[in-house]
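In the numbering used here, the protein residues as written are 2 to 466. All residues carry an ideal CB built from backbone N, CA and C; glycine is no exception. As the structure is a computational prediction, the values presented were derived from the model and not from experiment. Written out below as structure tokens is the structure these notes cover.
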Amino acid sequence: MASRVSEVAVVGAGYVGLVTGASLARIGHRVTCVDEDGDRVAWLREGKMPFYEPGLEEMVARGTGAGRLSFTEDLDAAVGRADVAFVAVGTPQGDDGAADLTNVSAVARGIGRALARSGRRARPLVVANKSTVPVGSGDYVSALVREGAEEAGDAGAAGEARFGVASNPEFLREGSAVYDSLFPDRIVVGAEEAWVVEAMRALYAPVIEQNFPVEMDPRPSVTVPFVVTDLASAEMIKYAANAFLATKVSFVNEISDLCELTGADVGSVATGIGLDGRIGPRFLNAGIGWGGSCLPKDVSALRAVAREHRHDTKLLDAAVAVNERRRDLAVSKLRDGLATLEGRRVALLGLAFKPNTDDLREAPSLGIAAELLSLGAEVVGYDPVAAKAAAHEAPGLRAVFDPYEALAGAHAAVVVTEWEEVRNLDLRRAASLMREPKLLVDGRNAFAPDDARGAGLLYRGFGRG
Ligand code: UDX
């Protein structure tokens, strides 16, 4: 492997930063992850992960073990030796729906200051932004790095030749982030200067060429497309991708409602349309709808950008409205099957916003639990990893780590998140533990209706005739 080893600083050891840092170390670079949270740095040095993501702990251990991955609070030192400094901090949703850039601004300034203090002259620095920022922020980051350098008393340090900005949006899916970081569908780099593009291409060369040691079988053998754009387009690609995915799911959910009214089956319809290469089979699972840390936030931020430009986003508004109705639909299916929710016990199966993560952000389970509790139901939630956190987030919810404990004595159960543990439930055992009418509302169409009915359950899916 003849690829060049880069010195990398990743600022922000959160979800995106940690996966990015560990994967760059995995492909051979020397990476320092910087975080201002000293406790987090101490934890990471001990090999403890601040959140659950399959395979991440092993990838971090491998990087630290090989001496290619380290953790620090010292931004100056990490930036001082870096060829590329990633900005990977949160851009939470502000009150107006727009992305809050407080963290990005602080880090960009900090990088500018560090660049100035390092006094380096020979090697220029690429400041690569992985945080999801409003379109047009690349220039803003540039201005802030320059400001930081000036604050540190070295205006010259931030001259054009000393640093360049790239937008390098993140497409990691929670639950499969390690895989996605090593085998992405594409890498997008937006930049205004050719040397910045080439530095990023060199950094990602092992991934682009799929040329790094991997014990994976079968190993994808394609080269990964490296898409070069201007800064604004790269920033827009991130929003447009997530908005499209959200809209695709809302689309199939609307079709699902029509299937229910007309006797069609949304699963068959999804198969039939998904085989059209122009549509594609993924993101056509109907049910309770989309949640998580990215889709809701990014759709909302894109709508905020549109508002700023006094532009109507009719399609995105509709995608959100359709999604909000999904939770209500789950509750009305329960109400229809149980006559009343007052005094009824309902088991929520799966609480995290999707399988293989402990993330509860915008998780449908929380809204459904709150609604059921307000209607007088008793709610017991099961999740293999997020149970404790969910009980904290939804006061009144009793959370357990065993699905059968949640089902015992329940009048109804809702499949909210299709964990393997939920998909593999023994439905006969579930039915034997539940109380009449033993209603199963399958919010992810995870079970074959005949199997559920055969086991003695009253089955209600979404869009299944
Ligand atoms: C998403 C994007 O996929 C990823 O590229 C981006 O970087 C971050 O946002 P993530 O939030 O981890 O990733 O979850 P994803 O797997 O995309 O699912 C999003 C939501 O849509 C989940 O709530 C999921 O349950 C829902 N979904 C997905 C459906 O309801 N139906 C589907 O067919 C697919």
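query, result
"Flag alanine 14 as yes when its Cβ comes closer than 7 angstroms to any non-hydrogen atom of the ligand SAH, and as no otherwise.", "Absent from the structure shown: the ligand SAH. Ligands present: the ligand UDX."
"Rounded to a whole number of angstroms, what is the C-alpha to C-alpha distance between proline 450 and alanine 287?", "15 angstroms"
"Can you tell which of Arg328, Asp360, Pro438 and Leu126 has its C-alpha closest to the C-alpha of phenylalanine 52?", "Asp360"
"Whole angstroms are fine: how far does the CA of alanine 447 sit from the CA of arginine 429?", "16 angstroms"
"I need the straight-line Cα distance from glutamate 325 to leucine 316, nearest angstrom please.", "14 angstroms"
"Check for me: the beta strand (DSSP E) holding glutamate 379 runs from which residue to which?", "379-383"
"What are the start and end residues of the beta strand (DSSP E) that includes aspartate 443?", "440-443"
"Compute the distance between the beta-carbons of glutamate 175 and lysine 355, then report whether it is under 8 angstroms.", "yes"
"Throw me the rounded Cβ distance for the isoleucine 238 and phenylalanine 227 pair, which I believe falls under 8 angstroms.", "Rounded, the Cβ-Cβ distance is 13 angstroms, inconsistent with contact."
"Nearer than 7 angstroms: is that true of the beta carbon of lysine 131 relative to any heavy atom of the ligand UDX?", "no"
"Taking only the alpha-carbon atoms, compute the straight-line gap between alanine 353 and asparagine 243 and give it to the nearest angstrom.", "19 angstroms"
"Mapping DSSP to helix, strand and coil, what is tyrosine 460?", "strand"
"Would you say the beta carbon of cysteine 295 comes nearer than 7 angstroms to a heavy atom of the ligand UDX?", "yes"
"Would you please state the rounded distance, in angstroms, between the beta carbons of valine 250 and glycine 290? I believe it to be under 8 angstroms.", "7 angstroms"
"Tell me, please, whether the segment 50-67 touches the segment 91-101 by the rule of three or more beta-carbon pairs shorter than 8 angstroms.", "no"
"Determine, using beta carbons only, whether alanine 413 and valine 386 come nearer to each other than 8 angstroms.", "no"
"Would you decide whether glycine 292 is buried or exposed? Buried here means 16 or more other CB atoms lie within 10 Å of its CB.", "buried"
"Could you tell me whether the segment 327-338 touches the segment 302-315, using the rule of 3 or more Cβ pairs below 8 angstroms?", "no"
"Name the residue from Pro125, Asn104 and Ala400 whose alpha carbon lies nearest to the alpha carbon of arginine 82.", "Pro125"
"What does a CB cutoff of less than 8 angstroms around leucine 183 pick up in its chain, not counting 5 residues either side in sequence?", "Ser24, Arg27, Ile28, Val208, Phe213 and Val215"
"Inspect the CB distances between the segment 65-83 and the segment 189-205 and report whether three or more fall short of 8 angstroms.", "no"
"Check this for me: beta carbons of cysteine 34 and valine 11, under 8 angstroms apart or not?", "yes"
"Less than 8 angstroms between the CB atoms is what I'm expecting for phenylalanine 72 and leucine 45, so what's the real figure, rounded?", "4 angstroms"
"Does the beta-carbon distance from alanine 107 to glycine 15 come in below 8 angstroms?", "no"
"Measure the C-alpha to C-alpha separation of alanine 162 and valine 142 and round it to an integer number of angstroms.", "Confidence is the limiting factor: at alanine 162 the pLDDT is only 47, short of 50, which leaves the residue's position unreliable and the question unanswerable from this model."
"Between alanine 391 and glycine 382, which are expected to be in contact by the criterion C-beta below 8 angstroms, what is the C-beta distance as a whole number of angstroms?", "6 angstroms"
"Using a Cβ-based criterion (distance less than 7 angstroms to any ligand heavy atom), does asparagine 286 qualify as near the ligand UDX?", "yes"
"Tell me whether glutamate 216 sits in a helix, a strand or coil according to DSSP, three-state version.", "coil"
"Using DSSP's beta-bridge definition, name the partner residues of threonine 33.", "Ala10 and Ser71"
"Note down, in chain order, each residue of its chain lying with its Cβ closer than 6 angstroms to the Cβ of valine 42, except the 5 sequence neighbours on either side.", "Asp36, Phe72 and Glu74"
"For the beta strand (DSSP E) holding threonine 272, just list the boundary residues, first then last.", "Counting along the chain, threonine 272 falls outside any beta strand (DSSP E), though it belongs to the alpha helix (DSSP H) covering 267-275."
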